[in-house]
Amino acid sequence: MNRRNPVQVLSHGAVGNGRLIALISPTGAVEWLCLPRFDSPSVFGRLLDADKGGVFRFLWRGEEIEGTQQYLANTNVLQTRFACDDEEWEIVDFAPRLADGLSFRLPIEFIRVVRPLRGHPRLAVDFDPRPGYAAAPVGILEATDGLVVTGADIPLRLFSNLPLGYIRHRREFLLDRTLYFVVRGGAECHPPTAVSVNHDLELTVAGWRQWAKTCALPNFAPEAVLRSALCLKLHVNEDTGAIIAAATTSIPEAMGTPRTWDYRYCWLRDAAFVVEALRRLSHLQEGEKFIHFLRDVTASGPLQPLYGVAGEREIPERMLEHLAGFGGNGYVRVGNAAAEQKQNDLNGEIILCLETLLSDPRIVIEEPAKFFPMIEALVEEAIRIAPQPDTGIWEFRSMLRPYTFSRAMCWAAMARGAELARRFWRPDLALRWGAQAEIEREIILGRGFQPDLGFFTQSLGGKYPDAANLLLPALGLIDARDPRFVSTVEAYRKDLMERGLVLRYRNDDDFGETTSAFTICSFWMAEALALMGRIDEAVELFNHVLSFQNPVGLFSEDIDPESGRLLGNFPQAYTHVGLIHAAMTIGELLDVRDGHVRAWV
611 MNRRNPVQVL SHGAVGNGRL IALISPTGAV EWLCLPRFDS PSVFGRLLDA DKGGVFRFLW
671 RGEEIEGTQQ YLANTNVLQT RFACDDEEWE IVDFAPRLAD GLSFRLPIEF IRVVRPLRGH
731 PRLAVDFDPR PGYAAAPVGI LEATDGLVVT GADIPLRLFS NLPLGYIRHR REFLLDRTLY
791 FVVRGGAECH PPTAVSVNHD LELTVAGWRQ WAKTCALPNF APEAVLRSAL CLKLHVNEDT
851 GAIIAAATTS IPEAMGTPRT WDYRYCWLRD AAFVVEALRR LSHLQEGEKF IHFLRDVTAS
911 GPLQPLYGVA GEREIPERML EHLAGFGGNG YVRVGNAAAE QKQNDLNGEI ILCLETLLSD
971 PRIVIEEPAK FFPMIEALVE EAIRIAPQPD TGIWEFRSML RPYTFSRAMC WAAMARGAEL
1031 ARRFWRPDLA LRWGAQAEIE REIILGRGFQ PDLGFFTQSL GGKYPDAANL LLPALGLIDA
1091 RDPRFVSTVE AYRKDLMERG LVLRYRNDDD FGETTSAFTI CSFWMAEALA LMGRIDEAVE
1151 LFNHVLSFQN PVGLFSEDID PESGRLLGNF PQAYTHVGLI HAAMTIGELL DVRDGHVRAW
1211 V
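Just so we're aligned, residue 611 is where the sequence shown starts under the numbering used here, counting upward by one.
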């Protein structure tokens, strides 16, 4: 028996269905759930305040104890098993994802199934919702068919086949049969039954497994890639096509610092990377939905780095000072001021996304030419803004510079834009954009690489390393075996790595020194090594980074190199994108090297 560890760690499992994401700790406690959308106020928020945030848990002999978690194979359905003395039981958590013809029915609903396995466990339910980030007045009323929670953004009910008095008064009960607990948001409808809950569970498991079957996995690290793909799918809003960066807000990049941000929004950059990762795995529907989201937001006004799940442009940032923060860190933010920043790389990522999707013969898009006005506007803007300083991929709040990665992405917009112009029979634009891309490429290679330092620098003519430049070969700007890139990788391994993990940069930013390793950067380094031909080193680094995954295979944004602790918002889509790309690239190169390029090998 393990009692709850007082040190807060990101060992949670995540369940969801395209409308909600719940985070469940190894104790079986729901510590994070926002309703009715990813970016709505929290209903259960103990992740950000151990005392006031709100939680949904089960107690054994009055205590919260740790169990063993795993996902049901090839699903986003989480199983937590407990064994104490001669008693054993399990909790199965899921959000219904129910096949409905060619689409899915996705109720705003989170379901917990509690089953006895051995002995006669006695449990108590602690159902403690705290809507509105634990700031709204809350009440729990007993109705004929369930508990009604007041104070939330939407009508909220809890249904169960356990007598409601046991839940309201946290009375102990004998777990001698399967119980269900259904948290449902939205308008009142028919209450669930044991039969309907079991039916929804079976359909949800079958649906996830069908989705998993269609993943084109590499031979290298296929289990980790599949779990990452399933994790990415949780971040896709099925209604709008928006893809959020992470499920949480304000988990700090480093403890004891104000480096806390709200990532429950759609960053166009992150979303484009997610779409490409899923496309490489043969999942295309997410990309199809996302490009329609892109059309909507680009038509709504000037491009900005991030949007709300439904395309909202205004995302004001504010502090929630009544919450203690993750592990008592403080600095809880909702909203994100980065929406107002100038980030010149966005046009490149969007064009890359459009070019791969519109060129994929598996995708049928009615009147694809209707996308060309958007493409033309994005490329022309990339040409215009390329020489202008911006806040860069790392979203520096006050440090406008001519960042090398931003210029590289502007180049990508021009070069790939020229390819799209040829595809849409615009030779005039293809010629002009291609010529402009060549000019831009020479500027980046000439001013971004510093011969005296031996590496590509964070900004043109600068002096600091920046891990984002590890992506330059993946973009096609430079060959990975070019001596300039090889020396860059060697310099970065010396200057940016701590205990085998890669930091974004070393220079001070708006908040001083950065100390945490940004996990995707380590996967970028592994992929760069593979592209350079140093495949064994790439495999070694990949496996080292993989060793930091949490017990159910999930990653946050950052890793503290000193302690190995996961930090930053969680689960982080960007990190799992990096894992997928690195594994796919390493796997392809291993197959070629080892002759595994034929059927049955």
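Cβ atoms here follow ideal geometry from the backbone N, Cα and C, with glycine treated the same way.
These numbers were taken from a predicted model, which means no experiment stands behind them.
Q. Looking only at DSSP bridge pairs, what is R728 linked to?
A. For this step, residue 728 is matched to residue 118 along the sequence shown. For R728, which the question treats as bridged, DSSP gives the partners E698.
Q: With D786 as the anchor, note down where its beta strand (DSSP E) starts and where it stops.
A: Here residue 786 corresponds to residue number 176 of the sequence shown, with the count starting at 1. Neither: D786 is in no beta strand (DSSP E) and is coded neither H nor E.
(Q) Quick check on the DSSP output: the beta strand (DSSP E) that includes D710 runs from which residue to which? (A) Position 100 of the sequence shown, counting from 1, holds the residue named residue 710. Per DSSP, the unbroken beta strand (DSSP E) holding D710 starts and ends at 708-710.
Q) What residue from L751, F1133, E1050 has the CA that sits closest to P765's CA? A) Taking the sequence shown and counting its residues from 1, the one referred to as residue 765 is at position 155. Out of L751, F1133, E1050, L751 has the C-alpha closest to the C-alpha of P765.
Q: From the DSSP output, in three-state form, read off E673 for me.
A: Walking along the sequence shown from the start, residue 673 turns up at place 63. In the structure shown, E673 sits in a strand (DSSP, three-state: E or B).
Q) Quick one: is R1051 buried, meaning 16 or more other Cβ sit within 10 Å of its Cβ, or exposed? A) The residue you call residue 1051 lines up with position 441 of the sequence shown. It is buried - the Cβ of R1051 has at least 16 other Cβ atoms within 10 Å.
Q) Based on Cα-Cα distance, which residue from G1205, K952, W642, Q1182 lies nearest to D1168? A) Within the sequence shown, residue 1168 is the residue found at index 558, counting from 1. Ranking the options by Cα distance to D1168, first place goes to Q1182.
Q) How would you call H730, buried or exposed, if buried means at least 16 neighbouring beta carbons within 10 angstroms? A) Position 120 of the sequence shown, counting from 1, holds the residue named residue 730. Label assigned to H730: exposed.
Q) What separation, rounded to the nearest whole angstrom, lies between the Cα atoms of N615 and F668? A) Position 5 of the sequence shown, counted from the start, is the residue given in the question as residue 615. Position 58 of the sequence shown, counted from the start, is the residue given in the question as residue 668. No answer about N615 holds up, because its pLDDT of 44 lies below 50 and its placement is not dependable.
Q | alpha helix (DSSP H) segment containing V884, residue limits | A | Along the sequence shown, one-based indexing puts residue 884 at 274. Start and end: 878-890.
Q. Buried or exposed: where does V1202 fall if 16 or more other Cβ atoms within 10 Å of its Cβ makes it buried?
A. Counting from 1 along the sequence shown, the entry for residue 1202 is found at position 592. Its Cβ having fewer than 16 others within 10 Å, V1202 is exposed.
Q. Along the chain, where does the alpha helix (DSSP H) that runs through G1197 open and close?
A. Taking the sequence shown and counting its residues from 1, one reaches residue 1197 at position 587. For G1197, the enclosing alpha helix (DSSP H) covers residues 1183-1204.
Q.
Quick check on DSSP: helix, strand or coil for F936?
A. As a first step, residue 936 must be located in the sequence shown, where it is residue number 326. It is helical.
**Q.** Sub-9 Å separation of A1077 and E959 beta-carbons
**A.** By one-based count along the sequence shown, residue 1077 stands at place 467. By one-based count along the sequence shown, residue 959 stands at place 349. Their beta carbons are not under 9 Å apart, which means A1077 does not touch E959 by this criterion.
Q: Identify, in the order they occur along the chain, each residue of the same chain with its Cβ nearer than 7 Å to the Cβ of N1213, setting aside the five sequence neighbours on each side.
A: Residue 1213 falls outside the range modelled here, since the chain spans only 611 to 1211, and no answer is possible.
Q.
Tell me the residue span of the beta strand (DSSP E) that contains A852.
A. Residue mapping note: residue 852 aligns to position 242 of the sequence shown, counting from 1. Counting along the chain, A852 falls outside any beta strand (DSSP E), and DSSP gives it neither H nor E.
Q) Hey, out of A639, F714, R1144, whose CA is closest to Q679's CA? A) As a working mapping, residue 679 is identified with position 69 in the sequence shown. Comparing Cα positions, the closest option is A639.
Q.
Please return the same chain residues whose Cβ sits closer than 8 Å to the Cβ of F1006, not counting the five positions on each side in sequence.
A. Here residue 1006 refers to the residue found at position 396 when the sequence shown is read from its first residue. Here the set comprises D1119, D1120.
Q: Please report the residue range of the alpha helix (DSSP H) in which S1132 lies.
A: By one-based count along the sequence shown, residue 1132 stands at place 522. From DSSP, the alpha helix (DSSP H) with S1132 extends over 1129-1141.
Q) Can you pull the DSSP bridge partners for S1008? A) On the sequence shown, residue 1008 is found 398 positions in, with the first residue counted as 1. Partner(s): none; S1008 has no beta bridge.
Q. Is R943 helix, strand or coil by DSSP?
A. As a working note, residue 943 is residue 333 in the sequence shown. Three-state result, R943: strand.
Q) How is the alpha helix (DSSP H) around C1020 delimited, first residue to last? A) By one-based count along the sequence shown, residue 1020 stands at place 410. Secondary structure note for C1020: its alpha helix (DSSP H) is the uninterrupted segment 1014-1033.
Q: Would you identify the three-state DSSP class for I721, choosing helix, strand or coil?
A: Translated into positions along the sequence shown, residue 721 becomes position 111. Here I721 sits in strand by DSSP.
(Q) Can you tell me where the alpha helix (DSSP H) holding G749 begins and where it ends? (A) Stepping through the sequence shown from its first residue, residue 749 is reached at position 139. From DSSP, G749 is part of no alpha helix (DSSP H) but of the beta strand (DSSP E) over 749-752.
**Q.** beta strand (DSSP E) segment containing R923, residue limits
**A.** As a first step, residue 923 is located in the sequence shown; it is residue number 313 there, counting from the start. Unbroken run through R923: none, as it is neither H nor E.
Q.
Suppose contacts are defined by Cβ-Cβ distances below 9 Å. Is H893 in contact with T850 by that definition?
A. Position 283 of the sequence shown, counted from the start, is the residue given in the question as residue 893. Position 240 of the sequence shown, counted from the start, is the residue given in the question as residue 850. Taking 9 Å as the Cβ cut-off, H893 and T850 do not qualify as a contacting pair.
Q. Terminal residues of the continuous beta strand (DSSP E) containing G817?
A. Counting from 1 along the sequence shown, the entry for residue 817 is found at position 207. Unbroken run through G817 is the alpha helix (DSSP H), 804-823; no beta strand (DSSP E).
Q: Give me the Cα-Cα distance between N612 and S621, rounded to the nearest whole angstrom.
A: As a first step, residue 612 must be located in the sequence shown, where it is residue number 2. As a first step, residue 621 must be located in the sequence shown, where it is residue number 11. Unreliable placement is indicated for N612, whose pLDDT of 47 sits below 50; no coordinate value is reported for it.
Q. Does DSSP put N615 in a helix, a strand or coil?
A. Residue mapping note: residue 615 aligns to position 5 of the sequence shown, counting from 1. The predicted position of N615 is uncertain, since its pLDDT is 44 and thus under 50; a value taken from the coordinates is nonetheless stated next. It is coil, neither helix nor strand.
Q: In the DSSP assignment, find the unbroken beta strand (DSSP E) run with Q1046 in it and report its ends.
A: Here residue 1046 refers to the residue found at position 436 of the sequence shown. Per DSSP, Q1046 belongs to no beta strand (DSSP E); it is in the alpha helix (DSSP H), 1037-1058.
Q.
Buried or exposed for E965, going by 16 or more other Cβ atoms inside 10 Å?
A. Against the sequence shown, residue 965 aligns to sequence position 355. Burial is judged here by how many other beta carbons sit within 10 angstroms of a residue's own beta carbon; E965 has at least 16 and is buried.
Q: Measure the beta-carbon distance from M929 to L1177 and round it to whole angstroms, keeping in mind my assumption that it falls under 8 Å.
A: The residue given as residue 929 occupies position 319 in the sequence shown. The residue given as residue 1177 occupies position 567 in the sequence shown. Wrong, their Cβ atoms sit about 19 Å apart, outside the cutoff.
(Q) I believe L1139 touches A1148 by the beta-carbon criterion, under 8 Å. Please report the beta-carbon distance rounded to the nearest angstrom. (A) As a position in the sequence shown, residue 1139 is number 529, starting the count at 1. As a position in the sequence shown, residue 1148 is number 538, starting the count at 1. The pair is a contact, with the Cβ atoms about 4 Å apart (cut-off 8 Å).
(Q) Is the separation between the beta-carbon of A762 and that of P739 shorter than 9 Å? (A) Walking along the sequence shown from the start, residue 762 turns up at place 152. Walking along the sequence shown from the start, residue 739 turns up at place 129. Yes. Within cutoff.
(Q) Check whether the region 1008-1026 and the region 1051-1071 are in contact - that is, three or more C-beta pairs closer than 8 Å. (A) yes
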